[in-house]
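In our numbering, the protein residues as written are 431 to 540.
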Amino acid sequence: MSLLFDVAWFDSRLAAQGLDRAALAHAAGLHHSDLRALFANARAPSAFELAAFAEVLNADLVEVSLKCGIAAREPANPNTASARIESIEARLDAMDAWLAEFEELTRKRA
């Protein structure tokens, strides 16, 4: 089961800052259609986008990451052990890619 983008949390945080979704998109360098895709859980945010969201919302990066959820994945065939292993390996590869992206972003900011 994938986690979903917490739209209500983002809208609430934006309202508390006196901002709207356009400001969030601008801060992350996103076109409004790209932000809409994130809010619809159609794609995962990049490390840069997460960092920009955290800064704009004056929120912790971990909290923002959790509120962004996980982009929907193709369902794996649960009937075979090899399919389950492939699914786990794919998720681990995605996590490795995210970590590498965060490390690169951190190096650029240092």
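Heads up, the beta-carbon is just placed ideally off N, CA and C, and yes, glycines get one too.
(1) Taking 8 Å as the threshold (C-beta atoms), are F440 and A477 in contact?
(2) By the DSSP assignment, the alpha helix (DSSP H) with H374 in it spans what residues?
(3) Checking 8 Å against the spacing of the C-beta atoms, do E485 and A467 come in under that value?
(4) Have a look at K612 and T510 and give me their C-alpha separation to the nearest angstrom.
(5) In three-state terms, what does DSSP make of A502?
(6) As a quick exercise: from E479, D523 and L522, pick the residue whose alpha carbon is nearest that of L535.
To lay it out plainly:
(1) Not in contact: A477 and F440 (Cβ atoms no closer than 8 Å).
(2) Past the edges of the chain, shown from 431 to 540, lies residue 374, and the structure says nothing about it.
(3) Going by beta carbons, E485 and A467 fall outside the 8 Å limit.
(4) Lying outside 431 to 540, the shown extent of the chain, residue 612 is not represented and no answer is given.
(5) Its pLDDT being 46, under 50, A502 is placed unreliably in this model, and the value from its coordinates should be taken loosely. Looking at A502 - three-state DSSP - the assignment turns out to be coil, as it is neither helix nor strand.
(6) Ranking E479, D523 and L522 by CA distance to the CA of L535 puts E479 first.
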